[in-house]
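First the structure, in the form of C-alpha coordinates, and then the observations on it.
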Amino acid sequence: MRNDNPLGDFLRARREHTAPGGLGLPAGGRRRVPGLRRDEVAVLAGMSTDYYVRLEQGRERHPSAEVINALGRVFGLDADALAHLHQLARPQHRASESDHVGPGLIALLQRWHDTPAIVQNRYGDVLACTGLALAIHPSLTRDRNLVRLLFLDPAERALFPDWEEQARQGVAWLRADADPGSPRLAALMGELTLKSPDFVRLWARHDVRVKSAGRKRFAHPVVGEFAVNFETFQVNGKAGQTLTVYHAAPGTSDADALTLLASHAATASTDRVDAPRDVVVVDRPR
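Going by my numbering, the first residue of the sequence shown is number 279, and it counts up by one from there.
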(Lines of atoms letter the chains of each structure in order from A and count residues from 1; the text may use other names and numbers.)
(Lines give C-alpha, C1' and ligand atoms only; values in the text may rest on other atoms or scores of the structure.)
Protein backbone atom coordinates (compact mmCIF):
# COMPACT_ATOMS: atom_id res chain seq x y z
CA MET A 1 0.00 0.00 0.00
CA ARG A 2 2.72 2.46 -0.91
CA ASN A 3 1.35 5.98 -1.28
CA ASP A 4 2.82 7.88 -4.23
CA ASN A 5 1.41 11.26 -3.21
CA PRO A 6 1.39 11.62 0.60
CA LEU A 7 1.77 15.40 0.45
CA GLY A 8 -1.23 15.83 -1.82
CA ASP A 9 -3.35 13.43 0.23
CA PHE A 10 -2.54 15.32 3.43
CA LEU A 11 -3.40 18.70 1.90
CA ARG A 12 -6.66 17.39 0.48
CA ALA A 13 -7.73 15.90 3.82
CA ARG A 14 -6.87 19.05 5.75
CA ARG A 15 -8.70 21.21 3.20
CA GLU A 16 -11.83 19.09 3.48
CA HIS A 17 -11.75 19.29 7.31
CA THR A 18 -11.22 23.05 7.52
CA ALA A 19 -14.44 24.98 8.14
CA PRO A 20 -14.87 28.06 5.91
CA GLY A 21 -16.64 29.97 8.67
CA GLY A 22 -13.59 29.85 10.89
CA LEU A 23 -11.63 31.78 8.26
CA GLY A 24 -14.21 34.47 7.64
CA LEU A 25 -15.60 32.81 4.51
CA PRO A 26 -19.31 32.21 3.94
CA ALA A 27 -20.14 28.72 5.19
CA GLY A 28 -23.61 28.48 3.66
CA GLY A 29 -24.69 28.37 0.05
CA ARG A 30 -24.27 25.56 -2.39
CA ARG A 31 -20.84 24.05 -1.75
CA ARG A 32 -20.01 21.03 -3.85
CA VAL A 33 -17.12 20.01 -1.62
CA PRO A 34 -16.74 19.78 2.18
CA GLY A 35 -14.47 22.32 3.80
CA LEU A 36 -12.57 24.78 1.63
CA ARG A 37 -12.33 24.99 -2.14
CA ARG A 38 -8.89 24.87 -3.76
CA ASP A 39 -9.13 28.47 -4.95
CA GLU A 40 -9.98 29.60 -1.41
CA VAL A 41 -6.92 27.85 0.00
CA ALA A 42 -4.75 29.44 -2.68
CA VAL A 43 -6.01 32.96 -1.95
CA LEU A 44 -5.66 32.58 1.82
CA ALA A 45 -2.13 31.15 1.46
CA GLY A 46 -1.04 33.81 -1.06
CA MET A 47 -0.39 31.58 -4.07
CA SER A 48 -1.98 30.88 -7.42
CA THR A 49 -4.77 28.34 -7.68
CA ASP A 50 -2.81 26.51 -10.38
CA TYR A 51 0.18 26.09 -8.07
CA TYR A 52 -1.96 24.77 -5.22
CA VAL A 53 -3.71 22.33 -7.55
CA ARG A 54 -0.30 21.04 -8.67
CA LEU A 55 0.59 20.44 -5.01
CA GLU A 56 -2.55 18.37 -4.36
CA GLN A 57 -2.16 16.44 -7.59
CA GLY A 58 1.51 15.61 -6.94
CA ARG A 59 2.83 17.54 -9.93
CA GLU A 60 4.71 19.81 -7.52
CA ARG A 61 6.25 17.91 -4.62
CA HIS A 62 8.81 20.24 -3.04
CA PRO A 63 7.22 23.53 -1.98
CA SER A 64 9.32 26.00 -0.03
CA ALA A 65 9.19 26.30 3.75
CA GLU A 66 7.34 29.60 3.33
CA VAL A 67 4.62 27.91 1.30
CA ILE A 68 4.29 25.10 3.84
CA ASN A 69 4.03 27.57 6.72
CA ALA A 70 1.37 29.55 4.84
CA LEU A 71 -0.68 26.40 4.25
CA GLY A 72 -0.24 25.47 7.90
CA ARG A 73 -1.77 28.79 8.92
CA VAL A 74 -4.74 28.33 6.57
CA PHE A 75 -5.45 24.84 7.90
CA GLY A 76 -4.83 25.80 11.53
CA LEU A 77 -2.17 23.10 11.99
CA ASP A 78 -0.62 22.66 15.39
CA ALA A 79 3.13 22.16 15.84
CA ASP A 80 2.97 18.36 15.37
CA ALA A 81 0.92 18.54 12.18
CA LEU A 82 3.04 21.36 10.75
CA ALA A 83 6.24 19.39 11.40
CA HIS A 84 4.64 16.42 9.65
CA LEU A 85 3.74 18.60 6.64
CA HIS A 86 7.33 19.86 6.41
CA GLN A 87 8.51 16.22 6.52
CA LEU A 88 6.20 15.33 3.63
CA ALA A 89 7.48 18.27 1.59
CA ARG A 90 11.15 17.71 2.45
CA PRO A 91 11.62 14.08 3.48
CA GLN A 92 14.54 13.69 5.85
CA HIS A 93 16.76 10.65 6.13
CA ARG A 94 15.69 8.47 9.03
CA ALA A 95 18.23 6.64 11.14
CA SER A 96 18.12 2.87 10.82
CA GLU A 97 15.65 1.26 13.19
CA SER A 98 16.31 -1.44 15.74
CA ASP A 99 13.85 -3.54 17.72
CA HIS A 100 16.56 -4.56 20.16
CA VAL A 101 15.94 -3.14 23.63
CA GLY A 102 19.17 -2.17 25.33
CA PRO A 103 20.27 -3.96 28.51
CA GLY A 104 20.26 -0.69 30.48
CA LEU A 105 16.59 -0.10 29.75
CA ILE A 106 15.76 -3.73 30.53
CA ALA A 107 17.53 -3.38 33.89
CA LEU A 108 15.55 -0.22 34.63
CA LEU A 109 12.23 -1.88 33.84
CA GLN A 110 13.12 -4.84 36.04
CA ARG A 111 13.15 -2.49 39.02
CA TRP A 112 9.67 -1.11 38.28
CA HIS A 113 7.68 -3.85 40.00
CA ASP A 114 4.60 -1.68 40.53
CA THR A 115 4.82 0.50 37.41
CA PRO A 116 3.14 -0.22 34.07
CA ALA A 117 5.68 0.57 31.36
CA ILE A 118 5.88 -0.33 27.68
CA VAL A 119 8.69 -0.03 25.13
CA GLN A 120 7.47 0.01 21.54
CA ASN A 121 8.67 0.89 18.07
CA ARG A 122 7.20 3.49 15.73
CA TYR A 123 4.70 0.96 14.33
CA GLY A 124 3.13 0.04 17.67
CA ASP A 125 5.00 -3.26 18.16
CA VAL A 126 5.62 -3.85 21.87
CA LEU A 127 9.29 -4.73 22.36
CA ALA A 128 9.32 -4.95 26.16
CA CYS A 129 6.92 -4.36 29.00
CA THR A 130 6.64 -4.74 32.74
CA GLY A 131 4.37 -7.38 34.20
CA LEU A 132 1.85 -4.78 35.35
CA ALA A 133 1.60 -3.41 31.82
CA LEU A 134 0.82 -6.93 30.62
CA ALA A 135 -1.83 -7.23 33.33
CA ILE A 136 -3.48 -4.06 32.03
CA HIS A 137 -3.24 -5.23 28.41
CA PRO A 138 -3.69 -9.03 28.56
CA SER A 139 -4.36 -9.05 24.82
CA LEU A 140 -0.58 -8.75 24.38
CA THR A 141 -0.48 -12.49 25.00
CA ARG A 142 -2.11 -12.86 21.58
CA ASP A 143 -0.56 -10.06 19.50
CA ARG A 144 2.28 -7.66 20.20
CA ASN A 145 1.04 -4.79 18.00
CA LEU A 146 -1.02 -2.27 19.96
CA VAL A 147 -2.51 -0.62 16.87
CA ARG A 148 -3.71 -3.92 15.43
CA LEU A 149 -5.09 -4.94 18.81
CA LEU A 150 -6.93 -1.65 19.17
CA PHE A 151 -8.86 -2.19 15.94
CA LEU A 152 -9.09 -5.97 15.57
CA ASP A 153 -9.15 -7.49 19.07
CA PRO A 154 -12.59 -7.28 20.76
CA ALA A 155 -11.13 -7.67 24.26
CA GLU A 156 -8.63 -4.85 23.79
CA ARG A 157 -11.34 -2.66 22.29
CA ALA A 158 -13.58 -3.30 25.29
CA LEU A 159 -10.83 -2.03 27.62
CA PHE A 160 -11.49 1.56 26.54
CA PRO A 161 -14.80 3.27 27.47
CA ASP A 162 -13.75 6.08 25.12
CA TRP A 163 -12.56 3.77 22.36
CA GLU A 164 -13.20 6.27 19.55
CA GLU A 165 -10.89 8.84 21.14
CA GLN A 166 -8.20 6.24 21.83
CA ALA A 167 -8.42 4.95 18.26
CA ARG A 168 -8.22 8.47 16.83
CA GLN A 169 -5.13 9.20 18.90
CA GLY A 170 -3.55 5.87 18.03
CA VAL A 171 -3.91 6.54 14.30
CA ALA A 172 -2.62 10.11 14.71
CA TRP A 173 0.44 8.81 16.58
CA LEU A 174 1.10 6.17 13.95
CA ARG A 175 0.94 8.72 11.14
CA ALA A 176 3.18 11.19 12.97
CA ASP A 177 6.01 8.75 13.66
CA ALA A 178 5.96 6.01 11.04
CA ASP A 179 8.08 6.21 7.88
CA PRO A 180 5.57 6.66 4.99
CA GLY A 181 7.73 4.53 2.71
CA SER A 182 8.29 1.69 5.16
CA PRO A 183 7.25 -1.83 4.09
CA ARG A 184 6.30 -2.47 7.73
CA LEU A 185 3.83 0.41 7.69
CA ALA A 186 2.49 -0.74 4.32
CA ALA A 187 1.88 -4.25 5.66
CA LEU A 188 0.13 -2.99 8.79
CA MET A 189 -2.00 -0.54 6.84
CA GLY A 190 -2.88 -3.19 4.28
CA GLU A 191 -4.17 -5.58 6.93
CA LEU A 192 -6.11 -2.93 8.83
CA THR A 193 -7.59 -1.48 5.66
CA LEU A 194 -8.95 -4.88 4.72
CA LYS A 195 -10.26 -5.77 8.17
CA SER A 196 -11.32 -2.52 9.86
CA PRO A 197 -13.63 0.13 8.35
CA ASP A 198 -12.97 2.20 11.49
CA PHE A 199 -9.26 2.31 10.68
CA VAL A 200 -9.99 3.34 7.09
CA ARG A 201 -12.24 6.15 8.32
CA LEU A 202 -9.77 7.51 10.84
CA TRP A 203 -6.68 7.12 8.65
CA ALA A 204 -8.39 9.15 5.92
CA ARG A 205 -8.58 12.14 8.28
CA HIS A 206 -4.77 12.56 8.19
CA ASP A 207 -4.71 13.64 11.84
CA VAL A 208 -1.20 13.95 13.29
CA ARG A 209 -0.12 13.95 16.91
CA VAL A 210 3.23 13.15 18.49
CA LYS A 211 2.82 10.90 21.52
CA SER A 212 4.07 12.71 24.61
CA ALA A 213 1.62 12.74 27.53
CA GLY A 214 -2.05 12.26 28.26
CA ARG A 215 -4.61 10.20 30.12
CA LYS A 216 -6.14 6.80 29.47
CA ARG A 217 -9.36 5.38 30.88
CA PHE A 218 -9.81 1.63 31.24
CA ALA A 219 -12.76 -0.65 31.88
CA HIS A 220 -10.75 -3.63 33.07
CA PRO A 221 -12.39 -7.06 33.44
CA VAL A 222 -10.60 -7.66 36.76
CA VAL A 223 -10.60 -4.33 38.63
CA GLY A 224 -13.27 -2.33 36.82
CA GLU A 225 -12.93 1.27 35.68
CA PHE A 226 -9.85 3.33 36.44
CA ALA A 227 -7.69 5.94 34.72
CA VAL A 228 -3.97 6.61 34.51
CA ASN A 229 -1.82 9.42 33.25
CA PHE A 230 0.99 8.53 30.88
CA GLU A 231 4.29 10.03 29.81
CA THR A 232 6.12 8.94 26.67
CA PHE A 233 9.87 9.37 26.13
CA GLN A 234 12.13 8.81 23.14
CA VAL A 235 14.73 6.11 23.83
CA ASN A 236 18.18 7.60 23.25
CA GLY A 237 20.26 5.77 20.68
CA LYS A 238 17.31 3.69 19.45
CA ALA A 239 15.60 5.37 16.51
CA GLY A 240 11.84 4.94 16.63
CA GLN A 241 11.71 3.41 20.12
CA THR A 242 9.63 5.02 22.84
CA LEU A 243 9.07 4.27 26.51
CA THR A 244 5.55 4.89 27.83
CA VAL A 245 4.99 4.91 31.59
CA TYR A 246 1.55 4.86 33.23
CA HIS A 247 1.07 6.42 36.66
CA ALA A 248 -1.70 7.36 39.08
CA ALA A 249 -1.66 9.82 41.97
CA PRO A 250 -1.04 8.07 45.33
CA GLY A 251 -4.07 7.68 47.54
CA THR A 252 -6.57 7.79 44.68
CA SER A 253 -8.99 5.10 43.58
CA ASP A 254 -6.96 4.81 40.37
CA ALA A 255 -3.82 3.99 42.34
CA ASP A 256 -5.82 1.48 44.40
CA ALA A 257 -6.96 -0.20 41.17
CA LEU A 258 -3.35 -0.58 40.01
CA THR A 259 -2.37 -2.07 43.37
CA LEU A 260 -5.28 -4.51 43.23
CA LEU A 261 -4.43 -5.48 39.66
CA ALA A 262 -0.79 -6.07 40.60
CA SER A 263 -1.89 -8.30 43.47
CA HIS A 264 -4.28 -10.23 41.26
CA ALA A 265 -1.62 -10.74 38.57
CA ALA A 266 0.86 -11.99 41.18
CA THR A 267 -1.52 -14.67 42.43
CA ALA A 268 -3.01 -15.64 39.06
CA SER A 269 -2.78 -19.20 37.84
CA THR A 270 0.65 -20.20 36.56
CA ASP A 271 -0.84 -21.91 33.52
CA ARG A 272 -1.68 -18.62 31.79
CA VAL A 273 -0.41 -18.09 28.26
CA ASP A 274 2.83 -16.17 28.02
CA ALA A 275 3.34 -13.22 25.73
CA PRO A 276 4.81 -13.89 22.28
CA ARG A 277 8.52 -14.64 22.39
CA ASP A 278 9.43 -11.36 20.68
CA VAL A 279 7.80 -9.44 23.53
CA VAL A 280 10.09 -9.29 26.53
CA VAL A 281 8.04 -9.34 29.73
CA VAL A 282 10.85 -8.17 31.95
CA ASP A 283 9.02 -8.57 35.25
CA ARG A 284 5.70 -9.83 36.51
CA PRO A 285 4.04 -8.03 39.43
CA ARG A 286 4.86 -9.46 42.82
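Beta carbons are placed, not taken as given, at the ideal position from N, Cα and C, and that holds for glycine.
1. What is the residue span of the alpha helix (DSSP H) that valine 488 lies within?
2. Measure the alpha-carbon distance for tryptophan 451 versus serine 490 and round it to whole angstroms.
3. Just to confirm, does proline 475 get its C-beta within under 7 Å of one of the non-hydrogen atoms of the ligand ADP?
4. Have a look at alanine 385 and glutamate 434 and give me their C-alpha separation to the nearest angstrom.
5. Going along the chain, which unbroken runs of the beta strand (DSSP E) with 3 or more residues stay wholly within the segment 355–398?
6. When the Cα of leucine 301 is compared with those of Ala482, Pro312 and Phe353, which residue comes out closest?
7. Alpha carbons only, please: which of Thr522, Ala367, Arg332 and His484 is nearest the one belonging to glycine 492?
8. Look at the alpha carbon of valine 331 and the alpha carbon of tryptophan 481, and state the distance between them as a whole number of angstroms.
9. Please say whether histidine 484 and alanine 297 have beta carbons closer to each other than 8 Å?
10. Thinking valine 425 and glycine 448 are a contact (beta carbons under 8 Å), I'd like their distance in whole angstroms, please.
11. Which stretch, first to last residue, makes up the beta strand (DSSP E) that contains glycine 502?
12. Could you pull out every residue in the same chain whose Cβ sits closer than 6 Å to the Cβ of arginine 400, ignoring the five residues on either side in sequence?
13. Would you kindly work out how many angstroms separate the C-alpha atoms of glutamine 370 and leucine 387, rounded to a whole number?
14. Any idea which residues DSSP pairs lysine 494 with across the strands?
15. For alanine 291, which three-state DSSP category applies?
16. Got a sec? Which residues, its chain only, sit under 6 Å from glutamate 334 by beta carbon, not counting five neighbours each side?
Let's see:
1. Taken as a continuous stretch (DSSP letters only), valine 488 belongs to no alpha helix (DSSP H), as it is neither H nor E.
2. A straight-line Cα-Cα distance of about 10 Å links tryptophan 451 and serine 490.
3. Looking at this structure, you won't find the ligand ADP or any other ligand, since it has none at all.
4. 28 Å
5. 395–398
6. Phe353
7. It is Thr522 whose Cα lies nearest to the Cα of glycine 492.
8. 22 Å
9. No.
10. 6 Å
11. 502–512
12. These residues qualify, in order along the chain: Asp455, Ala456 and Gly518.
13. In this structure, the alpha-carbon of glutamine 370 lies about 32 Å from that of leucine 387.
14. Val506
15. helix
16. Gly286, Leu289 and Arg290
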